[in-house]
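J.:
There are 2 protein chains.
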Amino acid sequence: MGSPSPADQVSRRAQVLAGHLRGLQTSTEPSLSPSPCLQYSPPELASPPPDFNLSDMRKLMDGHNLQDRDWLFGLMIQSKLFNPRVAGGRVFVSPDYSQSMEQQREMTMKRIHYLLDCGVFQEWLTGRGPEVEMRKFALHEVIGMYDHSLAVKLGVHYFLWGGAIQFFGTKRHHDKWLRDTENYVIKGCFAMTELGHGSNVRGIETVTTYDSKTGEFVINSPCESAQKYWIGGAANHATHTIVFSQLNINGKSEGVHAFIAQIRDTDGNICPNVRVADCGHKIGLNGVDNGRIWFDNVRIPRENLLNSVADVSPDGQYLSAIKDPDQRFAAFLAPLTSGRVTIASSAVYSSKMSLAIAIRYSLTRRAFSLTPNQPEVLLLDYPSHQRRLLPLLAKTYAMSFAANYLKMIYVKRTPESNKTIHVVSSAFKAILTWHNMRTLQECREACGGQGLKTENRIGHMKGEYDVQSTFEGDNNVLMQQVSKALLAEYIAVQKRNRPFKGLGLEHLNKSCPDVPSQLTSSTLRSSQFQTDIFCLRERDLLIRFAAEISQLQAQGLSREYALLQSYQLAEDLGRAFSDRAILQTFLDAEAAVSSGPLKVNIGNFLL
Amino acid sequence: MGSPSPADQVSRRAQVLAGHLRGLQTSTEPSLSPSPCLQYSPPELASPPPDFNLSDMRKLMDGHNLQDRDWLFGLMIQSKLFNPRVAGGRVFVSPDYSQSMEQQREMTMKRIHYLLDCGVFQEWLTGRGPEVEMRKFALHEVIGMYDHSLAVKLGVHYFLWGGAIQFFGTKRHHDKWLRDTENYVIKGCFAMTELGHGSNVRGIETVTTYDSKTGEFVINSPCESAQKYWIGGAANHATHTIVFSQLNINGKSEGVHAFIAQIRDTDGNICPNVRVADCGHKIGLNGVDNGRIWFDNVRIPRENLLNSVADVSPDGQYLSAIKDPDQRFAAFLAPLTSGRVTIASSAVYSSKMSLAIAIRYSLTRRAFSLTPNQPEVLLLDYPSHQRRLLPLLAKTYAMSFAANYLKMIYVKRTPESNKTIHVVSSAFKAILTWHNMRTLQECREACGGQGLKTENRIGHMKGEYDVQSTFEGDNNVLMQQVSKALLAEYIAVQKRNRPFKGLGLEHLNKSCPDVPSQLTSSTLRSSQFQTDIFCLRERDLLIRFAAEISQLQAQGLSREYALLQSYQLAEDLGRAFSDRAILQTFLDAEAAVSSGPLKVNIGNFLL
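Residue numbers (the UniProt record's numbering), protein chains in the order written: chain A, 1 to 607; chain B, 1 to 607.
1) Short of 7 Å in beta carbon distance, which residues of its chain neighbour residue 590/B, apart from the five on each side in sequence? Order them along the chain.
2) With residue 614/B as the anchor, note down where its beta strand (DSSP E) starts and where it stops.
3) Using beta-carbon positions only, say whether residue 342/A and residue 422/A come within less than 8 Å of one another.
4) Please work out which residues of its chain come closer than 8 Å, Cβ to Cβ, to residue 270/A, disregarding the five sequence neighbours upstream and downstream, and give them in chain order.
5) Using a beta-carbon distance cut-off of less than 9 Å, what residues from the segment 204-222 of chain B approach chain A?
6) Which first and last residues belong to the alpha helix (DSSP H) in which residue 574/A is found?
7) Give me the Cβ distance between residue 676/B and residue 217/B, rounded to the nearest whole Å; I'm assuming they're in contact under 8 Å.
8) Strictly under 8 Å for the Cβ-Cβ distance: is residue 281/A near chain B by that measure?
9) Answer yes or no: does any C-beta atom of chain B fall closer than 8 Å to that of residue 400/A?
10) Tell me whether the beta-carbon of residue 163/B lies closer than 8 Å to the beta-carbon of residue 340/B.
11) Please name the residue in 72/A, 126/A, 99/A and 128/A whose C-alpha comes closest to that of residue 112/A.
12) Which term fits residue 499/A, buried or exposed, when burial requires 16 or more other beta carbons within 10 angstroms of its beta carbon?
13) Whose C-beta lies closer than 7 Å to the C-beta of residue 144/B among residues of the same chain, with five residues either side of it excluded?
14) Can you have a look at residue 596/A and say buried or exposed, based on whether 16 or more other CB atoms are within 10 angstroms of its CB?
15) Does residue 602/B get closer than 8 Å to chain A when you measure Cβ to Cβ?
16) Listed in chain order, which residues of the segment 442-460 of chain A have Cβ atoms closer than 8 Å to some Cβ of chain B?
17) Under the rule that 16 or more other beta-carbon atoms within 10 Å means buried, what is residue 227/A, buried or exposed?
18) Residue 377/A and residue 581/A: beta carbons closer than 8 Å?
19) Any idea what DSSP makes of residue 453/B, helix, strand or coil?
20) Buried or exposed: which applies to residue 194/B, given that a residue is buried once 16 or more other Cβ atoms fall within 10 Å of its Cβ?
21) Of all the CB atoms in chain B, is at least one closer than 8 Å to the CB of residue 587/A?
22) At the level of alpha carbons, what is the spacing between residue 177/A and residue 443/A?
23) Taking only three categories from DSSP, how would you classify residue 374/B?
24) I need the straight-line Cα distance from residue 584/A to residue 496/A, nearest angstrom please.
25) Whole angstroms is fine: what's the gap from residue 469/B's alpha carbon to residue 196/B's?
26) Which whole runs of the alpha helix (DSSP H) in the UniProt domain "Acyl-CoA oxidase C-alpha1" (336-487) of chain A are 4 residues long or more, in chain order?
27) Any idea what DSSP makes of residue 130/B, helix, strand or coil?
28) Buried or exposed, going by whether 16 or more other CB atoms sit within 10 Å of the CB of residue 282/B?
29) Does the distance from the C-beta atom of residue 287/B to that of residue 85/B stay below 8 Å?
30) Taking only beta-carbon atoms, is residue 367/A less than 8 Å away from chain B?
31) Restricting to runs no shorter than 4 residues, where is the alpha helix (DSSP H) found entirely within the UniProt domain "Acyl-CoA oxidase/dehydrogenase middle" (189-298) of chain B?
32) Quick one: residues in its chain with C-beta nearer than 7 Å to the C-beta of residue 285/B, no 5 flanking neighbours on either side, listed in chain order?
33) Answer yes or no: does any C-beta atom of chain A fall closer than 8 Å to that of residue 467/B?
34) Please classify residue 418/A as buried or exposed, where buried requires at least 16 other C-beta atoms within 10 Å of its C-beta.
35) What do you reckon, are the CB atoms on residue 541/A and residue 572/A nearer than 8 Å?
36) Going by DSSP, what residues sit across from residue 92/A in a beta bridge?
Laid out in structure tokens, this is it:
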């Protein structure tokens, strides 16, 4: 007997899994099937291939830029920098995480230069339009599948530093910085967070004043809590940084603005009046050189204010098209949305990897026989093990479609869709990253001790991805913001007596959906019923949240106090909104697949 | 103004916390109290000291051997090996986890030798009785608070290797090995787990035969899956190991037995026919040298069979006082109970440390002001932040009493209490370690990015303690075993028409407790009501579990299949049993405190 090709093996594995999923819904009989043990040959080799086309499934899941992804996978496995290892006729790449922090940082830089030379980052900043952005997302996802540090280091440089110049800067900044940034000639970082202020960006304490005599801005860290903290790239490599700072003009604070400051010269020496320290060893992302920065009255040219929102004239007059400081501040935060989009998407890829590893393991590892001297049972044949992993797998399918939807609305953004994108990206970032951490933990435990070996990835990814729940907007804070936005929409609709429009809340314009009093098995599986109950939950929580806030305000609390007191309803509402929106993306994706085995298999995850 | 003493600071902090806890139960008013921000001086400095005596509280929580604990803390902070650092007039010690795996292993050994020279391990194996065991537990807990690797490395040597010799061995083994083990002259490891068999010890594949011509046993690893795996100490340092192996006498398998084999000579060279490999880098416990061992027909003297349960005569006859192979196997596993006791207890100390760090942080860090230009709000003044941390704190108090109870019944064990100890230690090990992982994750997120810095401990402890959910009995497997034991007791009671006795199930002899139809606030806070509902839940789940198993068996399923199908009820029942038992230990501990402020404060955590 010849050994099956890798593609056949994958097919059969998928078939076995599909069988398990079908089993989840219908079986009350035991699905345990003891078979000869201790051989470590996956039992799916004996099963027929799946009835759907695997590359169609892959196309549906990855969604876009498949060739670009494969090209990048190919570049990685060709280079020794990515530690290729051959196993079972296939090449696997993975960083060596037993290296010291310094070694990991050095390897990250070497890998960046290799990818740069291969042209991976072409058009990442000089290109425009949805196609360029989707390619960038796809390549960044592939990079993240290899190593989260590599993705984050590049994300800081291209998306945060580069994005800040694109969004906050004007032509003079674009001309001066974008090409050199794309070519990694200059290396940028993004100094927003301070020791004393993370989620509350508006409270940062760095202060910038203007000296009209020299035509320079003067950036200062007035106290210890004003030091910039966690700045990726600051500890070792960055030459320049975006500095977020309060702008103080003629004694008046004009709020947070963004400036460009050089922090290292071309030889890597720290610039005068700048002080840098290392944030040190972390539980993950040790390939990223996070650092702290203090500014001791650092002088920068007037032109280094990123002036798309507001400017200061040579003689020191503050000029802004946006008079409302709240709106001005919001304009500075809008570009962070791309960060939430990439985080949400990379969380899904992390979940996919860990589930692939844990489910494969459960299809090879056996434990306990049911009767003495009988073969032991495959882990995935245990109903409890199915229950632990397969619902997470189904959810990960759902969240994969949600991430694709989020990327799509982001690259097609218009001024009108900005609010929806802000709310959806906040909600999905929180829910998808929490889901990822939960999935990683369950997969790690499902692999037993093997889940703790660094080279087996799952346990290690827990440390790598933990940061996602709190960076670029703490998840809890984001969920509160989502609920606040829903509440504002609810109040506006009531006040102006107009229908709901946007944020997927249109279902509230209709009457409350009926839930059948007799729930049959086919009702439970109908997508209409599923949509109805998710909408019902969202409707109920929104109405209760609005009522509670209103009641607390009637008791004399300020709106802010009332919102803080109602945090539990706010959190539940944020989850209900997200779950309903994610289900919708799943149903839409399934609806777009033409009839056939692929549609049936995707449908199985929905049930 | 002079700065307050550290003791005063602690007192005030405790008082603020007590206030927050009281607030949890009664307050519907906002507990937010903005105060001057950005100073990083804990606000509790302005509060009055707590009304209870802090050292009384500490005595209640630590429970035993306080002087021994303080002596060991003192030994650590005096030695450079433990990296002492002075901050705020106090000495803090913590390992340097940015070191390589090799460096961490070397430091672990140096610290062991220092503690050995100080006499820490005196009587750990040569002493007898509850006092000696409680002292050993206390010192081991303190060691674990410093570093989980150090505790695990010592646990393998003293509790597993040393314990196996104590429990499975007879006088000849005790005389030969215990003193040298206590003095760390020989270094032991414990080769039970294999690549192919972890939780299912009974299925291990290592085979030992007897050669009556030479009077030797011959130990062999017949296949790759039989390699010993995760053996702490095997990779670098251990000189000897306990080998768990099938014993094959005259062609008949007599089941799993334990043998002593030397694996390294006094110069550290691997012995003939033994092969050792390193398990490599892990997500935690890198100070422990876990390794893999293969035996290629390794010969050991007949006397190296640990023969308290069974023996082989010089001419090769198998002799055992226990004829039933099931009971014989159970006898070999019983000593593992001490492992579950120490794991459960150390999980609680990990939770305590992470909560102490996260709550202190929440009493110094501020975020967002409620109205523009107003001071920002302390994290712990947010109702949502209280809700995240304080219930975990209350649960950790409960689990601390549970761990103390478990240690107490363990050191006072009798043949009659063995079953209870087995069930309670399995239940508490699972529940306390899961609680610890949940607590660590919440505390990490509650500290934002600071929770990810290795030197801030919380994030790092997630990697260190993750292993606890799956080693020395996978938590899910343990919970199933607990439910099976409860079911067996239920069936025995029914069959023999006798009352429940033991396992805390006596409440089932009484009629079902009444739940008042009107739940008032004082009902909810009454310990009788709380006990009633926990008992009710356990009773209900046990009856349902028994009914479901019986129904499935009536449908023709074997008992084993039926148990696997009912895994969800089994899991719920296991939790209900554990929660009821833990609550009881909390109530008992509170009842034992004489009236006064301490009792009131402990009572607050119960409400």
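C-beta atoms are modelled at their ideal positions from N, C-alpha and C, and glycine is treated no differently.
Only a predicted model underlies this, so the values are computations on that prediction, with no experimental measurement involved.
T.: With the structure as the only source:
1) 599, 602, 603 and 606
2) Residue 614/B lies beyond the residue range present for chain B, which begins at 1 and ends at 607; the question has no answer from this structure.
3) no
4) 263, 264 and 276
5) Within the segment 204-222 of chain B, the qualifying residues are 205.
6) 567-592
7) Nothing can be reported for residue 676/B, as the shown portion of chain B is limited to 1 through 607.
8) yes
9) no
10) no
11) 72/A
12) exposed
13) 151, 346 and 349
14) exposed
15) no
16) Answer set for the segment 442-460 of chain A: 444, 445, 448, 449, 451, 452, 453, 454, 455, 459 and 460.
17) buried
18) no
19) The three-state reading of DSSP puts residue 453/B in strand, counting E and B together.
20) buried
21) no
22) 44 Å
23) coil
24) 28 Å
25) Looking at the two C-alpha atoms, the distance is approximately 19 Å.
26) 337-362, 383-411, 418-446 and 458-465
27) helix
28) buried
29) No, Cβ-Cβ distance for residue 287/B and residue 85/B is not below 8 Å.
30) yes
31) Those alpha helix (DSSP H) runs which fall completely within the UniProt domain "Acyl-CoA oxidase/dehydrogenase middle" (189-298) of chain B and span 4+ residues do not exist here.
32) 148, 149, 152, 464 and 467
33) yes
34) exposed
35) yes
36) 85/A
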